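Everything on this sheet refers to the single structure shown next.
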Amino acid sequence: MADDSPRRPAHRAKKAPRPASPLAPSPPTPRSGTARRGPILFAIVALLAIGGLVDRGAAARQAVPAPIAPVPVAGPSGALSSDWFCAGVTDKAGSNPAGSVVVANPTGVPITGSISFFPSGARASAPLAIRVAPGSRKVIPESSRAGNGWIGAVVELDGGSATVEQQIVGPLGDAASPCATSGSARWYFSTGTTLRDASDELSVLNPYPADAIVDLSFVTNQGVEDPNAFQAIFVPARSLVAVDLGTHLRRRTNIATTVAARTGRVVAWQTQVVTPPAKGTPIVGAPSPAPAYGPTDPALPVGGVELTLGAPSPGTTWWWPDGAAGGGVTEQYVMYNPGTATAQLRLTYGLDQGGAQPVAVTVGPASVVSVTTNSQSQVPVGAAHDATLVSTNNVPVVAERVVMAVAPSPRTGLGALLGGRLAADRWLLGAGGDTAHVDEWVEVQNPGDAAVTASIASVGAGGPVPLGGLQHLVVPPRGRLAVQVAKHVRRPFGAALSVTASGPIVVERDLYGIGTPGIDLALGVPLPP
Numbered sequence: 012m013a014d015d016s017p018r019r020p021a022h023r024a025k026k027a028p029r030p031a032s033p034l035a036p037s038p039p040t041p042r043s044g045t046a047r048r049g050p051i052l053f054a055i056v057a058l059l060a061i062g063g064l065v066d067r068g069a070a071a072r073q074a075v076p077a078p079i080a081p082v083p084v085a086g087p088s089g090a091l092s093s094d095w096f097c098a099g100v101t102d103k104a105g106s107n108p109a110g111s112v113v114v115a116n117p118t119g120v121p122i123t124g125s126i127s128f129f130p131s132g133a134r135a136s137a138p139l140a141i142r143v144a145p146g147s148r149k150v151i152p153e154s155s156r157a158g159n160g161w162i163g164a165v166v167e168l169d170g171g172s173a174t175v176e177q178q179i180v181g182p183l184g185d186a187a188s189p190c191a192t193s194g195s196a197r198w199y200f201s202t203g204t205t206l207r208d209a210s211d212e213l214s215v216l217n218p219y220p221a222d223a224i225v226d227l228s229f230v231t232n233q234g235v236e237d238p239n240a241f242q243a244i245f246v247p248a249r250s251l252v253a254v255d256l257g258t259h260l261r262r263r264t265n266i267a268t269t270v271a272a273r274t275g276r277v278v279a280w281q282t283q284v285v286t287p288p289a290k291g292t293p294i295v296g297a298p299s300p301a302p303a304y305g306p307t308d309p310a311l312p313v314g315g316v317e318l319t320l321g322a323p324s325p326g327t328t329w330w331w332p333d334g335a336a337g338g339g340v341t342e343q344y345v346m347y348n349p350g351t352a353t354a355q356l357r358l359t360y361g362l363d364q365g366g367a368q369p370v371a372v373t374v375g376p377a378s379v380v381s382v383t384t385n386s387q388s389q390v391p392v393g394a395a396h397d398a399t400l401v402s403t404n405n406v407p408v409v410a411e412r413v414v415m416a417v418a419p420s421p422r423t424g425l426g427a428l429l430g431g432r433l434a435a436d437r438w439l440l441g442a443g444g445d446t447a448h449v450d451e452w453v454e455v456q457n458p459g460d461a462a463v464t465a466s467i468a469s470v471g472a473g474g475p476v477p478l479g480g481l482q483h484l485v486v487p488p489r490g491r492l493a494v495q496v497a498k499h500v501r502r503p504f505g506a507a508l509s510v511t512a513s514g515p516i517v518v519e520r521d522l523y524g525i526g527t528p529g530i531d532l533a534l535g536v537p538l539p540p
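Numbering (the working numbering), first residue to last: 12 to 540.
Next comes the structure, spelled out in C-alpha cells:
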C-alpha cells in the first residue's frame, strides 16, 4: 500500500532503538542490513480483496465473490461500510476466557454502526447501535442474557479505516486478536492440544443468511483423523456452533485442523485454554517417573490462553517480526501442509546480531513438521530475531510460531501467532495497552531489500500523537526493530497505536503479564489508503 501521508525529506531519520525481544534476556546490538539473503514475495495487491467492502449492496449483486484477503484488513477510507466477525470467547459468569470487542477509530470523524451477538445454540441478538468518537476506541463486553457459553459478534460499521479486535482479560493472561473481515469456505490451524490440563475449542460462526455445512479433519500425533462426529456439522444461518475437540480427540499433544465448508461460508476461531498443572503432575516431554505404573498422563508445564483466528488459505510466505528462545523460553515454528503435494520450505532467522544459516524443511502431504529454535545451534541462546518462511517450490502451507515460557524466564505463559502474509506501510493496533500489570511491545519487520523509516504514534482525536523518540526510525533492509511502549509513555496507557512507514513492513503487538502469567502475540491490522 502506498503511504498517503506527505513525505518529510527535511527531517533526518533517527537511528532505531537497539532492537530486542521482550523474551530475550538482554537487548543485542543492531544487525547489519546485509546479514540475510533470500527472496521476499510482497502480497500488497491482495489488499484489493477488500474492495467488496466499499459498497455492500453492489458486492451482493456480483456473481463472483471478491477474493479473500489472507489476513484481516481494514476497509478503505472511502468505504461506505465494513463488517467484522468475532468469536472464540465465552459469556458464562466466571468463565475463562470472557471477552470484549474493541472498536478503534483512528479517523477525525465519529464512526457509527451496530453490533449483534451470536450465542452458541441460540438466536443472534438484535443489532445494538454503537458510536465511536474520533481518535478513540470503544470496548463492548461480549455477553447475552442466555449466558450459555460460547459467543460471537458481528460488527457492522458505516465506513472504513476503523478496526475491530477481540480481547480477553483473565487470570491466565490477556489476549487480543483482530476479528475477521470476510468469511471463507476453508480455515486452517496448525497447532492445538488436548492434554489433561488443556482444552481446544473451535467456534464456527456463520454470519450470513444462508445455512452452512462443515467438515473437520485433523492431523495429530496419531496421524490423520476424521471423527464421524465432526463431519457434516450443521451451522444455521446467522448462528454460532462450538466444537470441543477433546470430546473425540483425547490426549493429543499436537492437533492441526482443517475446517471445510461443503456449503456456504463461515469464520473459524480456535480457543486454547491451559490450566497450570498441580504439583507433581507428569509434564509432557519430561522423563516418566520411575517406577512408572500404568500409562503416563502428562500435562503442559504452564497455564495460558490463546485465541486464534484461522488462516483462510495456505500461503507460500510467512513473516514473524519477533522471536527469542532460551532461558526458560521454548520457541517452535509449526508448519502444516493440508495439500496433496510435498512442500519444500526455507526458514530464515534474522538475528539482531550476526547471521544464521537458513533451515531447510520438508513437509509431506497432510503432515505437520516443527522446528524448535532452541535446538538450532546457529541461533544463540536468548538472541532476538525475526523469522521468514518461504516455500521454495510454491507449495503452500500454514505456519504458526508457538512460545512456552517458564522459570527462569521473567515471562511465563503460552503464546501462538500465525505468521503475517501481507506487508503494508500503514498499520493500526487497536486493542492492547500498557499498565502496571501488562507490558506492551511493538515489533516492526522490514522484509524488503531497501531500508525504510517508520514512526509509531498514539491515536488521538486530532490525529496521530507522536510518541517521544519513535519518529522516523530507520529499519534496515531485511531487518527489524522492537519497541517497549512503557519507555515512551506514562502508565497506564490505553490508546490505540498507529505505525506508518516509507515502505511495506509487517507489524506485531505483544502483551506480557507483569508479575502474572500471560503472553499474547498478535499482528496489527493493515490500513489501506
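Note that beta-carbon positions come from the ideal geometry of N, C-alpha and C, so glycine has one too.
Please read all numbers here as calculations on a predicted model, not as lab measurements.
For F229, the enclosing beta strand (DSSP E) stretches over residues A223 to T231. Distances from the CA of P475 to each of R437, V463, Q456 and V453 were compared; the closest alpha carbon is that of R437.
Here DSSP, grouped into helix, strand and coil, assigns L256 to helix. Secondary structure of T384 (DSSP, three-state): helix. With a threshold of 16 other beta carbon atoms within 10 Å, V120 falls short and is exposed. With contacts defined as CB atoms closer than 9 Å, G321 and W161 fail to qualify as a contacting pair. Boundaries of the beta strand (DSSP E) harbouring P477: G474 to P477, taken from the DSSP string.
Beta-bridge analysis with DSSP links Q389 to no other residue. Around the Cβ of N457, a 10 Å sphere holds 16 or more other Cβ atoms; the residue is buried.
Within a 10 Å sphere around the beta-carbon of R263 sit 16 or more other beta-carbons, which makes this residue buried. Closest in C-alpha terms to F200, from the list S513, T192, F128 and E317, comes E317. A Cβ-Cβ contact shorter than 9 Å links A493 with P332. The region 261 to 278 makes contact with the region 206 to 215; the number of CB pairs closer than 8 Å reaches 3 or more.
DSSP, reduced to helix, strand and coil, places A80 outside both helices and strands of the structure shown, so it counts as coil. Cβ neighbours of A410 within its own chain (closer than 6 Å, five residues either side excluded): W329, M346, L400 and G430. Between A507 and V470, the CB-CB gap stays under 9 Å. Within the model, the alpha-carbon separation for A173 versus V518 is close to 17 Å. In chain order, G375 place their CB closer than 6 Å to the CB of T353, counting only its own chain and leaving out the 5 sequence neighbours on each side. A direct Cα-Cα distance of roughly 26 Å separates D169 from A196.
For G86, the number of other beta carbons within 10 angstroms of its own is at least 16, and it is reported as buried. Within 10 angstroms of the beta-carbon of N348 lie 16 or more other beta-carbons, which makes it buried. Here V82 is actually not in contact with L425; their C-beta atoms are around 22 Å apart, not less than 8 Å. Around the Cβ of F245, a 10 Å sphere holds fewer than 16 other Cβ atoms; the residue is exposed. With a 10 Å radius around the Cβ and a threshold of 16 neighbouring Cβ atoms, V235 comes out exposed. Unbroken beta strand (DSSP E) runs of no fewer than 3 residues, entirely contained in the region 258 to 324, are found at 266 to 274, 278 to 285 and 315 to 320, following chain order. Beta bridge pairing from DSSP links D94 with E167.
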